[in-house]
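K.L.:
Residues in the first sequence are numbered consecutively from 1, following the numbering used here. Built from N, CA and C at the ideal position, the CB exists for glycine as well.
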Amino acid sequence: MPEPSYVTIFMAWPYVNAPLHLGHVAGNCLPADIQYRYERARGRKVLMCSGSDEHGTPITLTAEQLGVTPQEVVDEYHEMALKSLTDLGCSWHINVDSRGVEYGGALYNRTSDHRHKELVREVFSNLLASNMLTKQTMEQYCSISGDSVRFLPDRYVEGTCPVCGAAEARGDQCDECGSTYEAHELLNPVSKLNPDAEIEVRETDHLFYRLDLFQESLEEHAATRNVVWKPNVRSMTKNWLDMGLRPRAVTRDIDWGIELPLDGDEWSSKRVYVWFEAVQGYYTCARIWSERFANSNGHPDGDSAWENWWKVSDDGTIPKHIYFMGKDNIPFHTVIWPAIIMGMNSTASGNPVSSIPAPGDLALEYNVSSNEYLMLQGGQFSKSRKHAVWLPSFLEKYDADSLRYYLSINMPETHDTDFRWNEFVDRVNNELIGTYGNFVHRVMTLTHRLPESGSNPLVDYDDPEFHADIIDESMKILESAISSMERQRFKEALRSIMGIAQIGNVLLQNAAPWKYINSDDSEERRESLSSLAMAWRLCRTLSVLTRPFMPFQSDRLWGMLGEDSDIDSVLWDESLATDNALNWCPDSPQPLFSRLDLDEIIADEMSLVEDGNINDPDHSPGDGADYIEFEDFLKVQMKTGKITSVDDHPNADKLLVIKIEDGPGTTRTVCAGLKGIYDESDLLGLNVVYVANLEPRKLRGVLSEGMILAADDGDGIVRLLTPDGEITPGSTVR
RNA sequence: AACGGGUUGGAGUAGUCAGGUUAUCUCGUCGGGCUCAUAACCCGGAGAUCGGUGGUUCAAAUCCACCACCCGUUACCA
Numbered sequence: 001m002p003e004p005s006y007v008t009i010f011m012a013w014p015y016v017n018a019p020l021h022l023g024h025v026a027g028n029c030l031p032a033d034i035q036y037r038y039e040r041a042r043g044r045k046v047l048m049c050s051g052s053d054e055h056g057t058p059i060t061l062t063a064e065q066l067g068v069t070p071q072e073v074v075d076e077y078h079e080m081a082l083k084s085l086t087d088l089g090c091s092w093h094i095n096v097d098s099r100g101v102e103y104g105g106a107l108y109n110r111t112s113d114h115r116h117k118e119l120v121r122e123v124f125s126n127l128l129a130s131n132m133l134t135k136q137t138m139e140q141y142c143s144i145s146g147d148s149v150r151f152l153p154d155r156y157v158e159g160t161c162p163v164c165g166a167a168e169a170r171g172d173q174c175d176e177c178g179s180t181y182e183a184h185e186l187l188n189p190v191s192k193l194n195p196d197a198e199i200e201v202r203e204t205d206h207l208f209y210r211l212d213l214f215q216e217s218l219e220e221h222a223a224t225r226n227v228v229w230k231p232n233v234r235s236m237t238k239n240w241l242d243m244g245l246r247p248r249a250v251t252r253d254i255d256w257g258i259e260l261p262l263d264g265d266e267w268s269s270k271r272v273y274v275w276f277e278a279v280q281g282y283y284t285c286a287r288i289w290s291e292r293f294a295n296s297n298g299h300p301d302g303d304s305a306w307e308n309w310w311k312v313s314d315d316g317t318i319p320k321h322i323y324f325m326g327k328d329n330i331p332f333h334t335v336i337w338p339a340i341i342m343g344m345n346s347t348a349s350g351n352p353v354s355s356i357p358a359p360g361d362l363a364l365e366y367n368v369s370s371n372e373y374l375m376l377q378g379g380q381f382s383k384s385r386k387h388a389v390w391l392p393s394f395l396e397k398y399d400a401d402s403l404r405y406y407l408s409i410n411m412p413e414t415h416d417t418d419f420r421w422n423e424f425v426d427r428v429n430n431e432l433i434g435t436y437g438n439f440v441h442r443v444m445t446l447t448h449r450l451p452e453s454g455s456n457p458l459v460d461y462d463d464p465e466f467h468a469d470i471i472d473e474s475m476k477i478l479e480s481a482i483s484s485m486e487r488q489r490f491k492e493a494l495r496s497i498m499g500i501a502q503i504g505n506v507l508l509q510n511a512a513p514w515k516y517i518n519s520d521d522s523e524e525r526r527e528s529l530s531s532l533a534m535a536w537r538l539c540r541t542l543s544v545l546t547r548p549f550m551p552f553q554s555d556r557l558w559g560m561l562g563e564d565s566d567i568d569s570v571l572w573d574e575s576l577a578t579d580n581a582l583n584w585c586p587d588s589p590q591p592l593f594s595r596l597d598l599d600e601i602i603a604d605e606m607s608l609v610e611d612g613n614i615n616d617p618d619h620s621p622g623d624g625a626d627y628i629e630f631e632d633f634l635k636v637q638m639k640t641g642k643i644t645s646v647d648d649h650p651n652a653d654k655l656l657v658i659k660i661e662d663g664p665g666t667t668r669t670v671c672a673g674l675k676g677i678y679d680e681s682d683l684l685g686l687n688v689v690y691v692a693n694l695e696p697r698k699l700r701g702v703l704s705e706g707m708i709l710a711a712d713d714g715d716g717i718v719r720l721l722t723p724d725g726e727i728t729p730g731s732t733v734r
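1) Strictly by DSSP, which residues pair up with residue 248?
2) Kindly indicate the opening and closing residues of the beta strand (DSSP E) around residue 8.
3) Between the C-alpha atoms of residue 16 and residue 81, what's the straight-line distance to the nearest angstrom?
4) Could you have a look at residue 390 and say whether DSSP puts it in helix, strand or coil?
5) List, from N- to C-terminal side, the alpha helix (DSSP H) runs of 4 residues or more that fit wholly inside the region 463 to 512.
6) Determine the DSSP secondary structure at residue 87, reduced to helix, strand or coil.
7) Indicate the three-state DSSP secondary structure (helix, strand or coil) for residue 638 in the structure shown.
8) Tell me which same chain residues have a C-beta within less than 7 Å of the C-beta of residue 620, skipping the five on either side of it?
9) Along the chain, where does the beta strand (DSSP E) that runs through residue 672 open and close?
10) Rounded to whole angstroms, what is the Cα-Cα separation between residue 519 and residue 529?
11) Which residue spans inside the region 338 to 425 form an unbroken beta strand (DSSP E) run of at least 3?
12) Between which two residues does the alpha helix (DSSP H) harbouring residue 311 extend?
13) How many whole angstroms separate the CB atoms of residue 205 and residue 400, which I take to be in contact at a CB cut-off of 8 Å?
14) Hey, would you say residue 117 sits closer than 9 Å to residue 322, going by beta carbons?
15) Going by DSSP, what residue range makes up the alpha helix (DSSP H) through residue 282?
16) Based on the DSSP output, what are the partners of residue 647 in its beta bridges?
17) Rounded to whole angstroms, what is the Cα-Cα separation between residue 45 and residue 658?
18) Is the distance from the Cβ of residue 737 to the Cβ of residue 497 below 9 Å?
19) For the beta strand (DSSP E) that residue 139 lies in, which residues bound it at each end?
20) Within 10 angstroms of the Cβ of residue 286, are there 16 or more other Cβ atoms? Answer buried if so, exposed if not.
21) Label residue 66 either buried or exposed according to how many other C-beta atoms from any shown protein chain fall within 10 Å of its C-beta, with 16 as the threshold for buried.
22) Can you name the start and end residues of the beta strand (DSSP E) that residue 117 belongs to?
23) Could you pull the DSSP bridge partners for residue 108 from this structure?
24) Mind checking whether the beta-carbon of residue 391 lies closer than 8 Å to any heavy atom of the ligand PLP?
25) For residue 271, which residues does DSSP report across the bridge?
26) Closer than 8 Å by C-beta to residue 458: which residues in its own chain qualify, once you throw out the five before and the five after it? Chain order, please.
27) With distance defined between alpha-carbon atoms, name the residue in 491, 721, 686, 589 nearest to residue 35.
28) In this structure, what does DSSP give as the bridge partners for residue 187?
29) Do residue 108 and residue 40 have their beta-carbon atoms positioned less than 9 Å apart in this structure?
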């Protein structure tokens with residue numbers, strides 16, 4: 001079978017009721033973009049599809065709380081998501097490939113798109129017509145307050161467990177004893193949304209997708225994919241298939257969502273269930289891309305252009321579909337979505353359900369690449385506990401490429417990994433800047449010290465054949481990186497590529513061109529400078545190879561190399577070619593990255609560190625798990641002091657610089673994260689308690705000699721601890 | 001609780017499905033070199049009884065059983 005040149009990259013649709021956080025980035029946003037850019041760099045025709053998933057129940061709750069419509073909520077977060085993805089260097093805003101529309105492009109769409117809704121209704125009707133949807137009656141809680149009747153999802157109902165009598169059992173299952181039961185069995189049901197409302201159980205009809213019809217085909221399909229799936233995908237899928245598939249509801253009682261293509265009052269209050277609809281976005285997005293961009297940009301197939309990326313061609317070539325998502329989404333992509341695709345194929349062709357798409361059928365996935373979770377300082381990202389690093393605010397302060405590097409090299413490919421600020425700083429400073437950025441910078445500055453007259457001074461010394469060993473070694477690395485990328489092994493690939501910078505550093509070390517910059521012509525000088533020329537070529541290689549991972553610096557380097565061609569048209573396979581001329585940019589070279597300062601970052605992220613580590617109720621002592629020794633307690637010296645001056649920290653948003661009289665005639669300076677909580681006038685003259693023997697630390701440039709004690713309830717209320725009356729500054733607290 | 005995943009030198013990791021020479025790579029650390037470069041670069045060393053116990057095998061990080069700890073999921077949650 002010929003190698004498919006059509007590749008489609010699918011990123012799981014972010015659920016937009018909050019900004020994106022770094023967990024989303026590491027889990028699917030970044031891998032999808034890296035793979036997309038990689039596939040382009042291999043010369044393939046790539047379409048990338050995703051968008052905002054906008055029809056979940058929590059969005060309606062957010063809207064109610066804010067007093068706005070759900071549409072307003074998703075409008076805001078959709079724009080925010082698209083902007084932060086663009087700021088991160090993801091390719092979503094480039095709808096048409098720079099090589100030409102026949103090479104594809106990208107579309108970050110949204111499920112409230114009218115065309116998405118139309119296409120979903122079309123699929124819905126087709127599946128209904130071929131008896132793949134079946135009507136079942138189910139019992140469902142609803143809350144009644146006044147005239148309004150509202151169906152409630154089980155998770156929004158709680159009551160007394162009919163089995164063990166525990167309170168706060170959920171609508172369908174008791175967390176205490178683990179029993180599951182039918183909706184009507186729960187005792188004293190109460191709505192969590194509106195505790196005063198009367199609750200009763202009513203019958204309601206819904207349509208169900210006959211997943212059971214696909215059991216066998218899905219098992220066959222899984223068997224063919226087991227060789228490419230990672231172990232977590234294999235086992236999660238097997239688990240689902242082994243449990244046996246049952247029909248699954250595709251409609252629900254709610255008014256936020258896609259209306260059903262059905263007549264009759266019975267259906268008018270129901271909507272397409274979001275799992276069934278959002279996942280179809282992969283398909284609708286490709287079609288919508290064609291309609292909006294392919295035709296108008298002259299794609300020969302016009303509105304049907306999407307078929308190149310979705311349908312099995314007449315010669316049996318299957319477009320390669322790669323999906324990226326977090327581990328929570330695996331069964332949706334290995335079981336449910338393939339079942340829907342098989343259903344659509346069978347419906348369209350009239351053929352029986354099959355795991356092997358025929359020419360003209362929609363393709364099933366090639367690989368489902370699922371990452372585990374990125375944890376934050378050891379804990380899970382959590383919206384409700386505000387334990388998260390939000391992408392928009394991160395990108396306001398830090399370089400997108402640095403983040404992309406750290407998350408790529410630390411990607412949770414096979415198990416959970418941690419985002420830690422100190423590790424972020426270490427890896428960026430030592431690996432990214434020390435090895436790679438520094439290599440590029442030394443090549444650039446060395447070359448710029450040579451006498452030049454408008455062209456690259458290394459041209460006279462350029463002799464790549466003399467460095468065949470370097471090229472060989474680099475070629476091996478390139479091949480290994482390609483092999484890694486073909487299997488979605490990003491860490492491995494990036495580490496390989498960084499190896500080329502290391503080769504370059506060794507090359508320079510051995511050639512020592514700095515000795516010959518200003519010396520007279522000699523055999524040694526010519527040899528040394530030919531190594532520098534080779535190093536220059538390696539910089540060009542690196543600019544191409546690092547591009548999928550760190551696009552912004554790649555552009556900057558490309559510019560410093562004096563290259564004015566479109567870097568996206570340079571293939572990885574040609575990145576080590578030596579037949580191109582050395583170009584030149586006369587501007588003096590700038591470092592690719594700036595070093596990070598951990599102290600500054602900690603000062604900036606202070607609230608976050610506190611939320612995560614100190615005030616986390618799940619980790620506070622008191623449950624007996626985390627006792628400290630009395631001797632340890634004695635190590636902490638706490639004293640009283642009187643605040644004598646308060647100034648805004650010149651270089652921090654949350655810090656105040658506070659001077660404390662800490663003894664007779666002596667003062668010390670302490671930085672405290674109290675800005676916005678206390679005013680200067682509140683604090684002056686106040687007696688406070690502080691930790692006196694904390695190691696002094698610079699916070700954003702100001703030395704802080706201690707820490708003022710304050711109570712924080714985690715909900716934004718912060719109160720300083722003060723002695724109950726006047727007392728001499730410097731008094732011991734114990 | 002059930003189910004799924006994890007536990008590898010100081011930290012982070014690869015290898016585990018298809019058992020087999022001195023267990024991978026990055027960081028850190030120690031010693032040396034270089035001094036062009038963003039205190040960066042290069043070379044070398046030390047450091048792991050692969051969570052525990054038992055089993056299968058000529059051979060186990062890898063397969064099996066049990067135990068401990070960590071994480072996640074349990075489907076109207078996206």
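P.N.:
In brief:
1) Numbered from 1 along the first sequence, position 248 holds the residue referred to as residue 248. Note: residue 248 sits in a beta bridge opposite 209.
2) Counted from its first residue, the first sequence places residue 8 at position 8. Element bounds for residue 8: 6 to 11.
3) The residue labelled residue 16 in the question sits at position 16 within the first sequence. The residue labelled residue 81 in the question sits at position 81 within the first sequence. Rounded to the nearest angstrom, the gap between the Cα atoms of residue 16 and residue 81 is 8 Å.
4) One-based indexing of the first sequence puts residue 390 at position 390. In this structure, residue 390 counts as strand in the three-state DSSP scheme.
5) List check, alpha helix (DSSP H) in window: 468 to 486, 490 to 511.
6) Along the first sequence, one-based indexing puts residue 87 at 87. Reduced to three states, the DSSP call for residue 87 is helix.
7) If you number the first sequence from 1, residue 638 lands on position 638. The answer is strand: DSSP assigns residue 638 an E or B state.
8) The count along the first sequence starts at 1 and reaches residue 620 at position 620. Since pLDDT at residue 620 reaches only 29, below the 50 mark, its modelled position is unreliable, and no value is offered.
9) Within the first sequence, the letter at position 672 stands for residue 672. Residue range 666 to 672 is occupied by the beta strand (DSSP E) that includes residue 672.
10) Position 519 of the first sequence holds residue 519. Position 529 of the first sequence holds residue 529. Distance between residue 519 and residue 529, taken at the CA atoms: about 11 Å.
11) 367 to 371, 374 to 376, 417 to 419
12) For this step, residue 311 is matched to residue 311 along the first sequence. Run containing residue 311: none; DSSP gives neither H nor E here.
13) Taking the first sequence and counting its residues from 1, one reaches residue 205 at position 205. Taking the first sequence and counting its residues from 1, one reaches residue 400 at position 400. Not really, about 49 Å apart at Cβ, beyond 8 Å.
14) As a working mapping, residue 117 is identified with position 117 in the first sequence. As a working mapping, residue 322 is identified with position 322 in the first sequence. Cβ atoms of residue 117 and residue 322: not closer than 9 Å.
15) Within the first sequence, the letter at position 282 stands for residue 282. Per DSSP, residue 282 belongs to the alpha helix (DSSP H) from 281 to 289.
16) Within the first sequence, the letter at position 647 stands for residue 647. Residue 647 is bridged to 657.
17) In the first sequence, residue 45 corresponds to position 45, counting from 1. In the first sequence, residue 658 corresponds to position 658, counting from 1. If I take the Cα positions, the gap works out to 60 Å.
18) It is not possible to answer for residue 737, since the shown part of the chain is limited to 1 through 734.
19) Taking the first sequence and counting its residues from 1, one reaches residue 139 at position 139. Looking at the DSSP string, the run of the beta strand (DSSP E) that includes residue 139 is 133 to 145.
20) To locate residue 286, count along the first sequence from 1; it is residue 286. Answer is buried; the Cβ neighbour count reaches 16.
21) Counting from 1 along the first sequence, the entry for residue 66 is found at position 66. Its Cβ having fewer than 16 others within 10 Å, residue 66 is exposed.
22) Here residue 117 refers to the residue found at position 117 when the first sequence is read from its first residue. Here residue 117 belongs to no beta strand (DSSP E); instead the alpha helix (DSSP H) covers 114 to 129.
23) Reading the first sequence from its first residue, position 108 is the one you call residue 108. Per DSSP, 50.
24) No copy of the ligand PLP appears in this structure; indeed no ligand is present at all.
25) Position 271 of the first sequence, counting from 1, holds the residue named residue 271. Partner(s): 252, 259.
26) As a position in the first sequence, residue 458 is number 458, starting the count at 1. Contacts found: 447, 450, 529, 532, 533, 536, 582.
27) Residue mapping note: residue 35 aligns to position 35 of the first sequence, counting from 1. The shortest C-alpha separation from residue 35 is found at 491.
28) Position 187 of the first sequence, counted from the start, is the residue given in the question as residue 187. Answer is 160.
29) Counting from one through the first sequence, the residue named residue 40 turns up at place 40. Counting from one through the first sequence, the residue named residue 108 turns up at place 108. Cβ distance not < 9 Å, so residue 40 and residue 108 don't count as in contact.
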